[in-house]
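Below: the structure, in structure tokens.
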Amino acid sequence: MDLIKEINEKYQALEAEIDKKLEKVQAEEQKLERQEERLAEKSTALQSPKVLSYEQALQRNANTLKSLEIAKARLRSRSTYSPVEKLLQRALENYKKELDSINKTREDDDQNDGKEVENQNVLKPGESHHHHN
-11 MDLIKEINEK YQALEAEIDK KLEKVQAEEQ KLERQEERLA EKSTALQSPK
39 VLSYEQALQR NANTLKSLEI AKARLRSRST YSPVEKLLQR ALENYKKELD
89 SINKTREDDD QNDGKEVENQ NVLKPGESHH HHN
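Counted the way our numbering counts, the sequence shown spans residues -11 to 121.
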């Protein structure tokens, strides 16, 4: 019977120790929770001035829209008046001119070839006439 009593007392002491430790842990947790709450309150208190009135919100939105419009216009003008675009346009025009001139010379050559052939045909009999005389 004494043995059982000893064992019970031992375990009761251990239980009491564990209970004390648990209480400490719980107390620490509550402290941390309170600190977190305070921090949250502080951060919301610091953020509260950022809350805008209706007029301020409208003003901010108007400014945002204005800067977006400016950015859009800038991008549009860059895309239409970009130097690359001008260079490409110039290159295209030069290419077209080059093509036209090539085509013209070809057409001229074709016409000349035809004329030369005609001339040759005309000349040959004339030449042959000259040679006979």
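All C-beta atoms, glycine included, are put in the ideal place defined by N, C-alpha and C.
Remember, it's a predicted structure, so these values are computed and weren't measured experimentally.
Exposure label - N121; buried when at least 16 CB within 10 Å | Because the pLDDT of N121 is 49, which lies under 50, any placement of that residue in the model is unreliable, and the question is left without a value.
- request: Would you grab the beta carbon distance between R48 and L40 for me? Rounded to a whole angstrom, and I think it's under 8 Å.
  value: The pair is a contact, with the Cβ atoms about 7 Å apart (cut-off 8 Å).
**OP:** To the nearest angstrom, report how far apart Y83 and N91 are at their CA atoms.
**Re:** 12 Å
key: Coarse secondary structure for V39, derived from DSSP in three states   = coil
Alpha carbon of Q77 to alpha carbon of E43, nearest angstrom: 49 Å
- Task: Work out the CA separation of E86 and S65 for me, nearest whole Å.
- Result: 30 Å
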